[in-house]
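Taking my numbering, the leading residue of the sequence shown gets 1, the next gets one more, and so forth.
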Amino acid sequence: MSWFPDRGAGVLTEFPAGCHGCSSSCQHARSREHAGPICQPREPGLTRGRFASSGSPGSRGADLPARGARANWDGVPVAASRSPSGGGDLLGKSLVITEKPSVASDIASALGGFEDCDGFFENDEFVVTFAVGHLFELLPPEEIDPEYKRWTLANLPILPESFSYRPKKGQSDRIRTIKKLLDRSDIDVVVNACDAGREGELIFREIVEHFDSDKPMRRLWLRSMTNQAILDGFAALRPGEEFDGLAAAAACRARSDWLIGMNATRALTKRLKSRKEKTAWSAGRVQTPTLALLVARELEVLAHVPKPFWRIAATFNHDGRTWTAAWFAPDFEAGADEDAREDRIFDEERARAIVARVSGQQGEASEKRKPSRESPPTLFDLTSLQREANRRFGWSARRALSAGQRCYERHKILTYPRTASRCLPNDYRAIVDEVLETFAGVGAREDDGFADYAASAARLQRDGLENEKRIFDDAGVSDHFAIIPTGTLPAEPLTGDDRRLFDLVMRRFLGAFHPPALWERVERICLVDGESFRARARVLKEPGWRSVLPPAATENEQEELVALAPGQSEVEGVDVVASSAEVEDDHTRPPPRITEARLLSLMENAGQQIEDEDLAAAIDEKGIGTPATRADVIENLIAKGYVVRADKALRPTVKGIRLIDTLNRIHIERLTSPRLTGDIEYHLGEVERGARSAEDFMAEMSTYASEIVETAKQFEYDALYDLNEDLGDCPACKRPVIEMAWFYRCKPEPDVSQEEDCPVRFWKDTSGRYLDRGTARTLIQEGKTGELDGFTARNGRTYRGVLELLPDEDWKVKVRSLGYNEGAGVSDQPEYEVNPEPLGPCPLGEGCQVFESPTQFLCERALKKAEESQDSAAADESASKSCGFVLPRTVCKREIVREEADVYLKTKNTGLLTEFTSRFGRPFSATLVLKPNGRHGFEFQPRAGGGRKKASGSKKRGKKASTKKATAKKASTKKATAKKASTKKATAKKAAGKATAKKAAPGAAAAKTTRKKAGNSAASSRKTTGKKASSAPSGAAAVEKQSVREKRPKPPSDG
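What follows is the structure, encoded as structure tokens:
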């Protein structure tokens, strides 16, 4: 039985047949086990005796069958397979398929004895090849049925009877190679060496299912990429059938996401599109609830109205020592007022009266000193590592993941980073000891910076490990365990992001086994004339794990308070004097916008928002998205225009807010809440365990996709805001102002034409800031607002401003700028540590060296000009415009490390680099090449049948530019000719259609006439409206514009 819910329709791509005969160039003709002139089939076999040693299955050195014997998976040996010709003991080979090239190379290196062939590695026992992530993708709707090429509401929902796959663009060569290897008759077993988890299982199963392979499958489950871990993994291969449930759940997850995403996106795009916003309105079960988290916080921020309050700080004296204490209300209780705090006074006169009463007065002080223990943080999983990197370095989630992936694949110094576990297996204590042994002996290697770890590692060896029960816990380990160092030292010193991220992991690993930090907490309360003042302090007494993990900049110790009575932990009635007191004015602030670290935490703990315990438990295991995909979810929201990075936080755009607001108003809240993910994860768990069939799961998802479409089709824009209160009177016509989808406007009067109607509109998108109801009300009623932040300039910087109504300019809304927000730099390029040593000579001039800046590699000429600017952002902008060599240290969201820059400097290109990200959020690979002006360009890998492709960035001038224009003109002429030809074909087709229509039934002809009249009427209406207000949005806004008429035509059903 297939592991897929259905087998899918049709083979989409033909590939050459596998090698069934031999020639001098045939790979298995060169094999020592080649049995004769024809590649004979073998019985399925396993690996041979290279891993045989003592040990239990699954442990290091587990016994495996020796040469000449096979084993079934119950551990019972069976007869060895022999060649049909009877020529002795022969075993076939195992084809190992990995998820990426680097893993294939590592496996070949660990197993040893391989020949590097074209696209695979081979030795006497194994053929190792690789995928490049997913090689196949689900068919888009337009390839399922050409009718779906046009986005209309009429052909929704799209519910395929079966799901088919197609090769992803650019993967044909890789697929062809794998097919040839699968077809080889000496391949008896296929080993799934893709990443251990749901997605890795899906990548492998897509391959074997596409080729309808019936060869036995084995599963390699790797937790790290060291040579020993790979050998251990091959010594504990598991039957592929054990993972059929995981594969079925993976396929259901992919297909349910397709169903919900395709249908919701098309339906919402048809209803929400406008002249201003023509891109798709993408929606999905992961990205939409994530966006909703940001929108909810943004609306809180926008709705906040600052309230002034006052604090009191008093200086006290005792025995020649002074300290500062803050006034507080000891009987304070939190209530309905969210702005109230125990140290806030909302009456200025009362605050000043307290200051006048206590200044210079004597009082009494009490003090309590208590010890406290601070346990070390747990080991990292991917999400906590991304949060910490964002908190300490300001990194994006994707940047942290990229660095972790390089440390895992390239340097072999970290275990698998895409993990959701923060514990280690119970039997991993010996591995930890080996890691500590390695780093305890690196004290003499000061050049690589690892000497800092030697003292901590040696201390753990001497004093023993703390917190073992919490760390070694099989119950806390899922597909992978926590991220820890492998104990392998890098072949060369680490630099840049890789060095900083490894340092985070290494210090967290060492700190986790240290004793707790011991603090002394002090609380001192002074009572003067009935008013209470409090001072607090926290002093580190025993550093414990803090000796390894220094506090971040936000964790500085508080000022130490010298004991009022030395040697006593509690004291009361000590005479003190309030020598002075002063009032500090302040105002309430909105809740902070969500940073990337905070969003990752909210996504991880989304189950807390779900009341149903079973669904909450299901999502608690996964959260919204997975650790491996959350970074991509955030980047996709940015690429699709729903979110921007601003002032170290994530802010939803007006488009993002409008999407969530509309979904909530049409009551598709399930799509905007984590509940949908909870539902899906709960049922996917049932599919994986075999408690629910894949068919039942997909039927439920089809029903839900249909419900989304029907709701999107039926809602009326006019009805969405009926229940909202009026916002005040229009300043021009004095009619009540109401909210619409795109703007606020005065309530239309019946029998008033559009030309005569009041033209005042308050658009919700105001200089990049969403105009919420509260702000709109203030603007309408008072003519201006208070100070607001969140406006966005064309250069991307955010600024503060005031909205004002201009009565002399038809009540237009003007933003009066109050200056850029602090820290809102022009560039959001990450900054790196600087190596002061020159990188090498500049390739553009003699006697000029290339150096590092926080964001660029640049030569002395460019550096000199950059240093004329004071701030780093301006300096880098200046450098980019100056003559000389400049290479950014971040190109398309990928760090260029010093070693790559060195190659670039010497050879004028980097060689092929991976992990670039386009502005649309898509990953790509390219070679950076040095252009004559000192800047960089891209070169891409050659396409099949073509030469190497160059990227944009090489500007042509003079005659070349003229030639380009001439070519464009010819192309334009060709297009016009083609258009005429197309018109002729359409006319011919229409004539044929008419001829056919004459033969149709009278009822069908009548229906066609009715549809034609309705279409002409709608087209005429649209044409008239477009002439009168070409700048107004279509879709929702068009409906709003027509609402001024008493009898307005309804928009067509397809939007």
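We put the CB at the ideal spot given by N, CA and C, even for glycine.
The structure displayed is predicted, hence computed values, not measured ones.
| Asked | Found |
| --- | --- |
| Distance between T766 and A793 (C-alpha atoms, nearest Å) | 11 angstroms |
| Candidates E520, R321, R406, A283, of which the one nearest L501 by Cα | R406 |
| Cα-Cα separation, G112 to A229 | 14 angstroms |
| Length of the line joining the Cα atoms of W763 and E523 | 52 angstroms |
| Inter-stretch contact (C-beta, 8 angstroms, three-pair minimum) for the stretch 395–405 and the stretch 628–644 | yes |
| Assigned secondary structure, M217 (DSSP; H/G/I helix, E/B strand, else coil) | strand |
| Identity of the residue in F791, A400, P216, I484 nearest D647 by Cα | F791 |
| 3 or more residues per run - each beta strand (DSSP E) lying fully within the stretch 268–306 | none |
| Host beta strand (DSSP E) of E837 (start-end) | First-last for E837: undefined, no H or E at that position. |
| L806 classed as buried or exposed, judged by whether at least 16 other C-beta atoms fall within 10 angstroms | exposed |
| Environment of D74 [buried if 16+ CB atoms lie within 10 Å] | Note on D74: pLDDT 30, under 50, position unreliable in the model; no value is reported. |
| Straight-line Cα distance separating Y428 from G464 | 15 angstroms |
| Cross-strand partners of V813 (DSSP beta bridge) | L805 |
| Alpha carbon of R675 to alpha carbon of D244, nearest angstrom | 27 angstroms |
| Helix, strand or coil at E348 [DSSP, three-state] | helix |
| Contact check, K168 vs H134, beta carbons under 9 angstroms | yes |
| Spatial neighbours of R321 in its chain, beta-carbon cut-off 7 angstroms, leaving aside the 5 residues before and after | V562 |
| Segment contact, 8 angstroms Cβ cut-off, at least three pairs: the stretch 205–214 with the stretch 430–440 | no |
| Euclidean distance between Cα positions of D343 and L302 | 25 angstroms |
| Residues sharing a beta bridge with L246, DSSP | According to DSSP, which records beta bridges pairwise, L246 is partnered with nothing at all. |
| Supposed close pair L844, G934 - CB separation, criterion 8 angstroms | 5 angstroms |
| Euclidean distance between Cα positions of S359 and A325 | 13 angstroms |
| Beta-carbon spacing of L839, D902 below 9 angstroms | yes |
| Buried versus exposed call for F332 [16 or more other C-beta atoms within 10 Å across all chains shown] | exposed |
| Classification of V96 by the beta-carbon crowding that lies within 10 angstroms, buried from 16 upward | buried |
| Cα-Cα separation, E409 to W742 | 49 angstroms |
| Spatially closest choice to A389 from I431, D498, G92, by CA coordinates | D498 |
| Secondary structure of A649, DSSP reduced to three states | strand |
| Helix, strand or coil at Q40 according to DSSP, with G and I counted as helix | With a pLDDT of only 34 at Q40, under the threshold of 50, the placement of this residue in the model should not be trusted; the figure read from the coordinates follows. If DSSP states are grouped into helix, strand and coil, Q40 belongs with coil. |
| Enclosing alpha helix (DSSP H) for C407 [first to last residue] | 397–409 |
| G774 and E787 closer than 9 angstroms at C-beta | no |
| Endpoints, the alpha helix (DSSP H) within which R176 is located | 172–183 |
| Rounded straight-line distance, which links the Cα of S164 to that of N155 | 19 angstroms |
| Between the CA atoms of Q714 and T177 - distance to the nearest angstrom | 50 angstroms |
| Cβ-Cβ distance between E520 and P330 below 9 angstroms | no |
| Sufficient close CB pairs (3 or more, under 8 angstroms) joining the stretch 885–903 to the stretch 373–381 | no |
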